[in-house]
Structure formats: structure tokens, C-alpha cells
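Peer 1: Residue numbers for the sequence shown follow this note's numbering, beginning at 649 and rising by one.
All C-beta atoms, glycine included, are put in the ideal place defined by N, C-alpha and C.
One structure coming up, written as C-alpha cells, with questions to follow.
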Amino acid sequence: MSPFLPLRHKDFRNFWAASQVSNFGGLVQGVAAGWLMTSLTRDPGMIALVQASTSLPIMVFSLLAGAMADSMDRRKIMLAAQGLMLVASIALVAAGFAGALTPWSLLGFTFLIGVGTALNNPSWQASVGDLVPREEVPEAVSLNSMGFNMMRSVGPAVGGAIVASLGAPFAFAVNAVTYLPFIGVLAMWRPATPFSTIPREGFAIAVGAGLRYVALSPNLLRVLARAFLFGMGAVSALALLPLVARDLMEGGALTFGLMLGAFGMGAIGGGVLNPHLRRKLQGEGVVRLAFVAFGLAMLALGYSRSLWTGLPAMALAGAAWVLALSLFNVTVQLSSPRWVVGRALALYQVATFGGMTLGSWAWGSLAGGMGLTQTLTTAAGLLFLGAALGLRLPLPDFGAQDLRPSDRFHPPELALDLQGRSGPILVMIDYLIDPEDIPEFLTLMTERRRIRRRDGARQWALLRDLEHPQMWTESYHVATWDAYLRHNMRRTVADTETSDRLNRLHRGDAPPRVHRMIERQSVVSHGDFALKDHGHPH
């Protein structure tokens, strides 16, 4: 499949082009902020915190933004996020031209821009699956990464030239203007809005559901663990690059920009190679290669004293960067059903940027005490460790499970006229199991328990009748009737395999009987349900 195939879809093409303009501005702003900080302070820790101030809000706010992306209008969320970044950028321009920037105020402005990024990213990344067919998602994610790094190949160099010739405030102004195309595309976009008869989940409940889903999804946990390690080790290149350019290479803003440009050029190469490497090495092989390649690049950078050695090292790091992060992103998207994909992507960002935030602080602190060369060598060692961890925590082959909704569930006809908030609801399912089938039945019920809890069930239990040992009953609770409907509508095609196997073990003449009951702790009427009126005389 061609890596450029998703561009045939008009909406994706428009977003992709506008995002490249925005990416260019963000990279120019990043160079200006990083280099301006070197003129405001010589403290390596403060300089490294420029990178941390951008990644920290992504780590802190991404889960909230992911819950919003799954339950609210993603277009409106992105418009609000882009507006926040535009206002913060304009304020940064004004403060820069007024000469009012201090190290801490500069960090404050970059933090606000990072908050906007944190709100925008889950909705934007989750929208990729709405802009292109599912089978084209890997290519679309790679195109986004490739586009960003196309801009990285020119944006930092242009940013360095602007800072060197006109000053940092002019670079900040360039960034402010580049938000406008993306805002314009969002204003014109009219995505299809899925219809649902169930009210939207409460915000806190939605956050909890996302955390629970990921915590009970081993494949996603592996991705998050590896992404955290990669982010922590790889951010050393970006966090310490201003110091490498200034101290090891005795250069200026242009040197810094050229080094970031080499990183971007390498990333473009990584994006082009990505589909070919995936076919030959599978996902885990590509990730291990990326960890090792980035580690080697950090060793080379730590001992570089000129652009002739520094530029190839940064190009190798850029290729490894896009190989790893785009594959992590695709794996999360294709290992999550659509109802929770925004929260899963948000938690992936929390892991990645959490590693970057911790790494930015740690590498900056270490550089002040043990020097740049030793710090970059230590970062390389952490990356080699991340590659070795793949022997114990390999990434899953994305797309191996069919996570489309199964669409098998049909709400039952009830004799009680329940309200959606009525509850708690107790569900009990009876199975008749032959003694020789019990080991297989228990194995399947272990998987059923994980699926139930992952999709919102509470107090799951498996019961065996003492007088009729062939009778087994699965029971679980949900908080409300709406929660019960959501729980069943979340079932995927892959989940139905477990259900089908359990049904085949059942020996009754009819399918397993399902009991749906509402719990009451007292006889006082709650006023939330009544007998349906079927037209009988009173």
C-alpha cells in the first residue's frame, strides 16, 4: 500500500496540509524559546525545562482531553484548543517585543501553549479514524509523522535564521500566524455525528472508564510501558540540543536550527522506510531497531565536536524517533475500539510525554553535574535497556483483533418502565456445563471476567449450584440501566468469540438464561420505575 494513499480523501488532505503549516510555526517557536532561554540564563536545568514545559501539560491534561474526545464534539474541542494556543502565542509575541520576558514567564507561556496541544491532540488523533478507512489508518498516522518531520527539516533552520537575524519575538509572531489555516479547516469541516439513544457518560465516569479499559488491556499496557521508556531516553536529544550546539560545537542559533533540521530530515527517511520495515520486521522488530538506533545516535552526539558528526547523529535519531512513535500510535489506535480510542490515545500521550517530562528534568540536572557527554551516554544506556525489554514485553501485532462493534445486542423488552438512571442493575446468566467441559469453561470465564470488568461491570462473580453442580451462574453489577446498555454496546467482534465458545459449552435446550434485576435495599419507593401500562383495565 502506498504511504500517500490517505491523501486521496479530501478532508484528510485539507487537515494534513493545514497541520503542516501549524507544525512549521510550532517548530519555529520551539527554536526561539529554546535559544532565548540560553540568553536569559546559563542554568542547564532551566534550559532543559523549556522542553519539559511543553510536555508536562500533555502528560497532565491528556486523559481529561481524551475523555472529552470520546464523549463530546471533537471539532469544537479542537477549535477551543487552537484558540487557546493562538491567544497564548499573541501574548508571548507582545511580551517578547516589550522586553518583558523572564525565564519563568517564558516557561509560563510555553506551558499554556502545551495545554492547548494537550487538549487538541487526542481529538485530532482520534479523528484520523473518521477521516480515512480503518485499513488506511497506519499510512495516515505515518503521513502525519512524516509531515511533521518534513517541517522539522526546515522549520528549525528557518527559526534559527529568524532568531539570529530578527530576534525571538519575530519567530513567535510567525508561529501565531500559522494557527489560522488549521482553524479555518476546522471551521469548514462537517463531520458525521453518530446517533445514540443513550445519554453521554458523566465526565468523571468517562475518565474512569478509560483508565479501566487500558488497565485491563495487556496489549495497551505494553505499548505504554515501552513508550514511556522511549520518551524518557529519546528526549535527551531535544532537551540538551541547545547546550550541545552552544558548548560542544561552539555554535549559535543557526547551528541549533541546522541540528534540528537534520533530525527532521532523518525523520522523513524513517517515515518513508516505515511501511517496508513493518513488512519485514513486524512491529516489535521495528521498535527494537528504533531503540537501538536512537541509543547509538546519542553516543555519537555526545562525542561530536562539529556539524560533520553531529548532523548524521541527529538524522539517525530522527529516523528512529518517527519509527517508534508512529508505530506506538498506530498500535494504540488499532488495539482500541472507537468508543474509547480518544482516551487510549490520551493515556499513550501521558506515558510518552510523562517520560519526556521526567527525562527533560533528569537529563538537564545530570548535565549540570556530570557533563553533556556522560549524560548523553547514560541516555543511550536507557534506550538500549528499552530495546532489551522487548524480549519480555513485545508489542502486539496491531490489527490482529477485530474491534468493530459486534452489533449483536438488542435491548430487551421490559415489564418495568425504567429510567436510564435506575439502578443498580444485577445481571445473572445461567449455564449448564458437563463435568468434562469445566476446565475449558473456567478458562473462558477468566477471559469473560476481564472483558466484563474492562467494559464497566462491577462485582463480577462465578457461582456454582450446590444441589445441581452442572448449573453455573455468572453475575455482575452495573450502576444504572444506561450503564448496562453501554456495557453491552461496547462488545466487539473479537469479544464475541469468547461468548460463542461459552454458548457452545452450554448443554441446555435453550440458550443460557439471562436474568436482569434491579436491586433495592429497602421497600421504600424510589419513584424511578413503574409497571408499564399495557392497556389492562384498572
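What whole-angstrom Cβ distance do glycine 881 and alanine 1027 have, given they're in contact under 8 Å?
Peer 2: 5 Å
Peer 1: Which value, in whole angstroms, describes the spacing of the CA atoms of leucine 791 and serine 667?
Peer 2: 11 Å
Peer 1: Below 9 Å between beta carbons: does that hold for valine 822 and glutamine 677?
Peer 2: yes
Peer 1: Hey, quick one: how far does the beta strand (DSSP E) through histidine 1122 stretch, first residue to last?
Peer 2: The question names histidine, but residue 1122 in the sequence shown is glutamate. Start and end: 1119-1126.
Peer 1: Does the beta-carbon of leucine 1090 have 16 or more other beta-carbons within 10 angstroms, so that it is buried, or is it exposed?
Peer 2: Around the CB of leucine 1090, fewer than 16 other CB atoms lie within 10 Å, so the residue is classed as exposed.
Peer 1: Three or more beta-carbon pairs under 8 Å between the region 757-772 and the region 695-712, yes or no?
Peer 2: Three or more beta-carbon pairs separated by less than 8 Å link the region 757-772 to the region 695-712, which places the two stretches in contact.
Peer 1: I want to know whether the region 1145-1161 touches the region 1090-1104 - three or more CB-CB distances under 8 Å.
Peer 2: yes
Peer 1: Starting from the C-beta of glutamate 932, find all residues in its chain whose C-beta is less than 6 Å away, skip the five residues before and the five after it, and write them out in chain order.
Peer 2: Gly1038, Pro1042 and Leu1043
Peer 1: Taking only the alpha-carbon atoms, compute the straight-line gap between glycine 990 and glutamate 1084 and give it to the nearest angstrom.
Peer 2: 43 Å
Peer 1: Which ranges does the beta strand (DSSP E) cover as unbroken runs of at least 3 residues, wholly within the region 816-894, from first to last along the chain?
Peer 2: none
Peer 1: By Cβ distance, which residues of its chain are closer than 7 Å to alanine 893, with the 5 residues on each side in sequence left out?
Peer 2: Gly899, Thr903, Phe904 and Met907, listed in sequence order.
Peer 1: When DSSP labels each residue in this structure, what does arginine 1134 get in the three-state scheme?
Peer 2: helix
Peer 1: Give the secondary structure of histidine 1182 by DSSP, where H, G and I count as helix, E and B as strand, and everything else as coil.
Peer 2: With a pLDDT of only 49 at histidine 1182, under the threshold of 50, the placement of this residue in the model should not be trusted; the figure read from the coordinates follows. In this structure, histidine 1182 counts as coil in the three-state DSSP scheme.
Peer 1: Is DSSP giving arginine 1168 helix, strand or coil here?
Peer 2: coil
Peer 1: What does a CB cutoff of less than 8 Å around valine 802 pick up in its chain, not counting 5 residues either side in sequence?
Peer 2: Phe672, Gly909 and Gly912
Peer 1: Measuring straight from C-alpha to C-alpha, what distance separates alanine 700 and leucine 859?
Peer 2: Taking the straight line joining both Cα atoms gives about 24 Å.
Peer 1: Based on DSSP bridge pairs, tell me the residues matched to proline 1053.
Peer 2: Thr1140
Peer 1: Taking contact to mean at least 3 C-beta pairs separated by less than 8 Å, is the region 1153-1168 in contact with the region 1103-1117?
Peer 2: no
Peer 1: Using CA atoms only, rank isn't needed, just tell me which of Trp683, Met1018, His1135 and Ser771 is closest to leucine 1074.
Peer 2: Measuring from the Cα of leucine 1074, the nearest candidate turns out to be His1135.
Peer 1: Who are the Cβ neighbours of valine 935 in its own chain at under 7 Å, not counting the five residues just before and after it?
Peer 2: Arg874, Ala972, Leu975, Gly1038 and Leu1043
Peer 1: Going by the DSSP bridge assignment, what does methionine 1076 pair with across the sheet?
Peer 2: Ser1123 and His1163
Peer 1: Which residue marks the beginning of the beta strand (DSSP E) containing leucine 1108, and which one marks its end?
Peer 2: Note that residue 1108 is tryptophan in the sequence shown here, rather than leucine. That run of the beta strand (DSSP E) goes 1106-1112.
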